[in-house]
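Residue numbers (my numbering): 8 to 357. Let me begin by presenting the structure, written as structure tokens, before commenting on it.
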Amino acid sequence: MQTNTNFKTQFDSLVESSNKILIVSHMSPDPDAIFSVLGLKEYFAQVFPNKNVTIAFSNSKIVWHHFNKELDQIVWTQNIISLLHEEDLIIFVDGNSKSRFTPTPEDLDLKKYKTICIDHHKQEHDHYDLELIEPEASATCKMITDYLFISDDLLTKQACEYLIRGLISDMGFFRYVRKNNSDVFLTAKRLIDVGNLDMEYIYHEVNVMSDNAFKIFQLFVAHTVNVKINDAIPNLTYAYLPKHTLKEFRDMNVLSADIFQTLVLRQIKNHPWGFTVIPKPNKKFRISFRSTVGAVNVRLICEKYFNGGGHDLAAAGTYILSEEEKDFDSEDVCKKVIELIKGGSVEIVK
Ligand SMILES: [Mn+2]
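Listed below in structure tokens is the structure:
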């Protein structure tokens with residue numbers, strides 16, 4: 008097992024011996040992915056202010072009303088591999104298999120670089136020179152706080168603000184806390200105390216909706232369906248945005264989907280899990296699941312059918328229309344998802 012100082016020492020010495028560093032996180036980034044890289048950026052500003060560091064995602068730019076300035080400092084590219092020239096160190100965060108970071112994992116030869124991975128996902132992982140992979144950890148932001156920001160002097164207010172947002176997002180504002188991960192409160196306490204943070208403000212800011220986001224939220228509610236599949240599978244709720252909303256709202260729908268998932272999915276009595284479907288460009292749909300203990304393991308579903316992944320209780324992936332499905336709208340995709348779930352076997356989360 009890694010001790011905190013031990014990991015930091017190894018991390019720092021790999022960084023020290025590198026000239027050009029690339030920090031990447033997973034495609035379809037969630038708040039833990041975004042704030043992990045921003046947290047690392049703060050760490051570098053404190054400890055390695057002169058290192059040449061690039062932060063990038065293989066993803067189109069995310070729209071996030073509060074953090075647009077920060078998001079502009081990130082390189083948003085089709086494929087992070089196109090950025091690799093003189094880089095000698097790659098740091099992977101919030102994912103541990105290279106297929107999470109690039110659409111062409113076969114083109115990324117990890118042996119050509121020094122590599123570090125900090126992550127808390129469960130699946131089979133690739134190998135890195137320095138690995139900190141703890142499936143029980145609540146969030147990558149928590150690991151970065153505990154293992155790198157080991158002294159309070161390193162924790163700027165800015166770092167605390169970033170890291171707490173990633174941490175509470177993966178913890179569903181602490182709804183996922185159980186005996187095995189309740190130490191998340193200790194990390195949260197440190198971030199709140201050192202950063203002098205106010206949770207009420209952060210809760211408001213994370214869940215606040217612009218006029219357009221609220222319109223999307225209303226559309227989700229208008230297209231919500233409760234389903235009973237069969238006796239072996241707990242009832243679920245699904246909701247979708249019709250295809251025509253893509254032009255109108257662009258990237259905003261992901262943000263509203265998040266809020267809808269938090270406020271509605273799993274909150275309808277006897278429907279302990281569910282998913283949302285939103286249209287993306289190029290005949291793609293983003294499928295995002297939420298579940299609860301006693302309901303279905305949604306990570307396995309996303310890995311098996313939707314080329315995605317995540318956690319047992321919160322996971323996402325993509326559905327791409329085949330030639331004969333080219334006229335499908337989001338509702339047809341929802342029915343397809345139900346069909347796949349019905350046809351396969353599901354695992355219940357204990
Ligand atoms: Mn995470």
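Think of the CB as a built atom: it goes at the ideal place given N, C-alpha and C, for glycine as much as any other residue. On a predicted model such as this, the values are computed, not experimentally measured, just so you know.
| Check | Outcome |
| --- | --- |
| Ligand 1 heavy atoms versus the CB of histidine 132: any closer than 7 Å? | no |
| Counting only runs of 4+ residues fully inside the region 202 to 239, write out the alpha helix (DSSP H) ranges in chain order. | 206 to 214 and 218 to 229 |
| Could you check what DSSP says for proline 112 in three-state terms: helix, strand or coil? | helix |
| I need the DSSP call for leucine 137, collapsed to helix, strand or coil. | strand |
| Taking the runs of the alpha helix (DSSP H) that are 4 residues or longer, which of them lie wholly in the region 36 to 97? | 38 to 54 and 75 to 78 |
| Assuming serine 43 contacts valine 100 under a Cβ cut-off of 8 Å, what Cβ separation, rounded to an integer in Å, is found between them? | 4 Å |
| On the three-state DSSP scale, how would you describe tyrosine 247? | strand |
| Can you tell me whether asparagine 304 is buried or exposed, with buried defined as 16 or more other CB within 10 angstroms of its CB? | buried |
| From the DSSP secondary-structure annotation, give me the bridge partner or partners of leucine 29. | Thr61 and Ile97 |
| At the level of alpha carbons, what is the spacing between lysine 291 and threonine 122? | 32 Å |
| Name the residue from Tyr245, Val60 and Asp37 whose alpha carbon lies nearest to the alpha carbon of isoleucine 28. | Val60 |
| Which partner residues of tyrosine 326 appear in the DSSP bridge assignment? | Phe292 |
| With DSSP as the reference, label glycine 315 as helix, strand or coil. | coil |
| Quick test of your reading: valine 22 and phenylalanine 108, contact by CB under 8 Å. State the CB separation rounded to the nearest angstrom. | Their Cβ separation, rounded to whole angstroms, is 19 Å, which puts valine 22 and phenylalanine 108 out of contact at 8 Å. |
| Three Cβ pairs or more, each shorter than 8 Å: is that satisfied between the region 217 to 234 and the region 189 to 207? | no |
| By the three-class DSSP mapping on this structure, what secondary structure does valine 173 have? | The identity of residue 173 in the sequence shown is glycine, whereas the question assumes valine. Glycine 173 falls in the helix class under three-state DSSP. |
| At a threshold of 7 Å, does aspartate 265 count as lining ligand 1 (C-beta to nearest heavy atom)? | no |
| Counting pairs of beta carbons, one from the region 245 to 255 and one from the region 272 to 289, are three or more of them closer than 8 Å? | yes |
| Given this structure, state the Cα-to-Cα distance separating asparagine 86 from asparagine 66, to the nearest angstrom. | 7 Å |
| For phenylalanine 267, which of helix, strand or coil comes out of DSSP? | helix |
| Could you check whether threonine 299 and phenylalanine 313 sit closer than 8 Å to each other, using their CB atoms as the reference points? | no |
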